[in-house]
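Residue numbers (this note's numbering): 5 to 435. Remarks on the structure that follows.
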Amino acid sequence: MTVEELAPPVSAPDRAAPGALAHRAALSQLRDATGILGLDEGMYRLLATPRRSLTVSVPLRRENGRVEVYSGYRVQHNLTRGPGKGGVRFHPDSDIDEVTALAMWMTWKCALLGLPYGGAKGGIAIDPRGLTLSEKERLTRRYTQEILPFIGPDKDIPAPDVNTDESTMAWMMDTYSVNAGYSVHGATTGKPLTVGGSNGRAGATSRGVVLAALDAMRHSHLDPTGRTIAVQGFGKVGAGAARFFADEGCRVVAVSDISGGCYRAAGLDIPELEAWVAGGESLASYPNADAITNRELLGLDVDVLVPAAMDGVLTADNAGDVRARMIVEGANGPTSPEADAILQSNGVTVVPDILANAGGVVVSYLEWVQNLQAFSWTSAEVDRKLCVFMQNASRSVWALAGEKSLTLRRAAHVIGVGQVAEAHEARGLFP
Ligand code: NAD
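Structural data, given as structure tokens:
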């Protein structure tokens, strides 16, 4: 096969925009937090610059024998508080800017939650929807092989994210283990239970989103019973959040996925929708509700809006349409800085991503701790620990926001960034 026959990487220049916007948003949040903390320009630069950024090519032989080559990334944004931690996504818009922004948010999230980790993230610029299972496995294993020198239980521990799941993590762990010559369960988190996964990991991010929302309702003196909820994204985070909201007595009136969404004022039957999607159907074709677009969903008059799909969905263009009382960010980076300002001036409470969706990395941490000890906790024990981590972080964010009259996002960033800066100061600069 000649070089000309190889398909070009998917990350063409016209796809670079979402990542660049995410990176710009992350840097502007960091600039704001370092200003509030009174940190100098040198510390800002240290915190703004990724420690290690790796771009790899990931060749994939398709079932028809043709070879395609995709761009893969792993960014370790900061390793000062511990090994890198963060997901791996397969998405056509994935690029080095987006992965850098997501890694940076992981750094602040881990610090805010008090986890002994730095922040990392990975991605492959590919739309995996057309791949067979064995193509996905080959892609995952080759990507893992390419980033192998940089990952491991003491270095950087990948987890699932958009379009990746527990099988992806099992293949990554297996590839790492085959290279090591023995089983290294702590190499990834979000694995199946049978190979060192943790009880409670699958629903952990969603559970954390709902805990953060319930806390926000308490602060706003809202009884959760009957509160209306709209969830954008019906994957690992969104579907679980919809189910946990319904379990709390809330009325989930709208959900959506990439195909579009569905609305029912009396409340949707979430288990039925989950079964519908599990059968390979899209939400847009669900027959027992009215069809709505993703844009309409973001503008619904509900108590809580949960963006749980992609970054950059709330912008200056549509933030003014939001009629929800509060936004609880299941996704990473769904709100641009311009949208944030509009939402604030319209009195919308935004529970930021680095707090709201931290349940996933908390239980990933618990999974890693169990792996390192070759031990396992029950679902109840994991859930109890998750609640403690979430409550502590939520309490400190709400307290600082009240004390200094900051938005919850600014308060969360001040705490996270402050913790990392403190760790830099304590360790000193080498040499
Ligand atoms: P997923 O792949 O399981 O699900 C993504 C969902 O979003 C799917 O329903 C998909 O159809 C939908 N979607 C994709 N593009 C869309 C669009 N343009 N408009 C509307 N819907 C769209 O991914 P996930 O793991 O649920 O992750 C969702 C978000 O949550 C991401 O921002 C991710 O970084 C964040 N997050 C995930 C975890 C985790 O543990 N999985 C933890 C923290 C944060």
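Here a beta-carbon is modelled for each residue, glycine too, at the ideal position from N, C-alpha and C. Since the model is a prediction, treat every value here as computed from it, not as a measurement.
Let me know if A349 comes out buried or exposed under the rule of 16 or more other beta-carbons within 10 Å of its beta-carbon. By 1-based counting over the sequence shown, the position of residue 349 is 345. Checking the sequence, you will find Ser at residue 349 rather than Ala. By the neighbour-count criterion, in which a residue is buried when 16 or more other Cβ atoms sit within 10 angstroms of its Cβ, S349 is exposed.
Evaluate the contact criterion for the region 287-299 versus the region 189-205: three or more CB pairs, one atom per stretch, below 8 Å. no
Between L83 and V424, which are expected to be in contact by the criterion C-beta below 8 Å, what is the C-beta distance as a whole number of angstroms? Translated into the one-based positions of the sequence shown, residue 83 becomes position 79. Translated into the one-based positions of the sequence shown, residue 424 becomes position 420. Incorrect: roughly 10 Å between the Cβ atoms, too far for contact.
How should Y369 be labelled, buried or exposed, when 16 other C-beta atoms within 10 angstroms of its C-beta is the threshold for buried? Taking the first residue of the sequence shown as position 1, residue 369 is located at position 365. By the 10 Å Cβ count, Y369 comes out buried.
According to DSSP, which residues form a beta bridge with Y121? Here residue 121 refers to the residue found at position 117 of the sequence shown. None; Y121 has no bridge partner.
Can you tell me the Cα-Cα spacing of P291 and E278, whole angstroms? Start at 1 with the first residue of the sequence shown, and residue 291 comes out as number 287. Start at 1 with the first residue of the sequence shown, and residue 278 comes out as number 274. Spanning the two alpha carbons is a distance of roughly 13 Å.
Opening and closing residue of the alpha helix (DSSP H) in which T38 lies: Locating residue 38 in the sequence shown gives position 34, where the first residue counts as 1. Note, T38: alpha helix (DSSP H), 21-41.
Alpha carbon of Y267 to alpha carbon of A343, nearest angstrom: By one-based count along the sequence shown, residue 267 stands at place 263. By one-based count along the sequence shown, residue 343 stands at place 339. About 24 Å.
Using a 10 Å radius around the Cβ and a threshold of 16 neighbouring Cβ atoms, would you call E170 buried or exposed? Position 166 of the sequence shown, counted from the first residue, corresponds to residue 170. Per the 10 Å Cβ criterion, buried.
Integer Cβ distance of V62 from A220, believed to fall under 8 Å: In the sequence shown, residue 62 corresponds to position 58, counting from 1. In the sequence shown, residue 220 corresponds to position 216, counting from 1. So it is not a contact: roughly 40 Å between Cβ atoms.
Could you give the distance in angstroms between the alpha-carbon of A282 and the alpha-carbon of G237? Position 278 of the sequence shown, counting from 1, holds the residue named residue 282. Position 233 of the sequence shown, counting from 1, holds the residue named residue 237. Straight-line spacing of the CA atoms in A282 and G237 works out to 14 Å.
Thinking just about the alpha-carbon of each residue, which of D357, P341, E371 is nearest to the one in L25? In the sequence shown, counting from the first residue as 1, residue 25 sits at position 21. It is P341.
Residues near I40 by beta carbon distance below 8 Å, same chain, minus five either side: The residue you call residue 40 lines up with position 36 of the sequence shown. Result list for I40: K408, L410, R414, V418, in chain order.
For Q149, collect the residues of the same chain with a Cβ closer than 7 Å to its Cβ; drop the 5 residues on either side in sequence, then sort them by chain order. As a first step, residue 149 is located in the sequence shown; it is residue number 145 there, counting from the start. T179.
May I ask you to check if the CB of V241 is nearer than 8 Å to at least one heavy atom of the ligand NAD? Mapped onto the sequence shown, residue 241 falls at position 237. Yes, the Cβ of V241 comes within 8 Å of a heavy atom of the ligand NAD.
Please find out if some non-hydrogen atom of the ligand NAD comes closer than 8 Å to the beta-carbon of V317. Numbered from 1 along the sequence shown, position 313 holds the residue referred to as residue 317. Yes, the ligand NAD has a heavy atom inside 8 Å of this Cβ.
So, under 8 Å CB-CB, K125 and V79 are touching, yes? Tell me the CB distance rounded to an integer number of Å. The residue labelled residue 125 in the question sits at position 121 within the sequence shown. The residue labelled residue 79 in the question sits at position 75 within the sequence shown. About 6 Å; that satisfies the 8 Å criterion.
DSSP on H95, reduced to helix/strand/coil? Numbered from its first residue, the sequence shown carries residue 95 at position 91. Reduced to three states, the DSSP call for H95 is coil.
Using the beta-carbon count (16 or more within 10 Å), is R209 buried or exposed? In the sequence shown, the residue the question calls residue 209 occupies position 205. Checking the displayed sequence, the identity of residue 209 turns out to be Thr instead of Arg. Buried: at least 16 other Cβ atoms inside 10 Å.
Is the distance from the Cβ of A313 to the Cβ of A335 below 9 Å? Here residue 313 is taken as the residue at index 309 of the sequence shown, counted from 1. Here residue 335 is taken as the residue at index 331 of the sequence shown, counted from 1. Yes. Within cutoff.
Return helix, strand or coil for S286, following the three-state DSSP convention. Residue mapping note: residue 286 aligns to position 282 of the sequence shown, counting from 1. Three-state DSSP puts S286 in coil, outside helix and strand.
Within 10 Å of its beta-carbon, does N361 have 16 or more other beta-carbons around it, so buried, or fewer, so exposed? Position 357 of the sequence shown holds residue 361. N361 is buried by the Cβ-count criterion.
Spatial distance of L280 from G264 (CA atoms): For the purposes of this step, residue 280 is taken as residue 276 along the sequence shown, with counting starting at 1. For the purposes of this step, residue 264 is taken as residue 260 along the sequence shown, with counting starting at 1. Going by the sequence as given, residue 280 is Trp instead of Leu. The straight-line gap from Cα to Cα measures roughly 14 Å.
What number of angstroms, rounded off, separates the C-alpha of A21 from the C-alpha of L226? Against the sequence shown, residue 21 aligns to sequence position 17. Against the sequence shown, residue 226 aligns to sequence position 222. Approximately 38 Å, taken between the alpha carbons.
For P318, the residue or residues it bridges with in DSSP: Taking the sequence shown and counting its residues from 1, the one referred to as residue 318 is at position 314. The residue you asked about is not Pro; residue 318 is Leu in the sequence shown. In the DSSP output, where bridge partners are listed per residue, L318 has T339.
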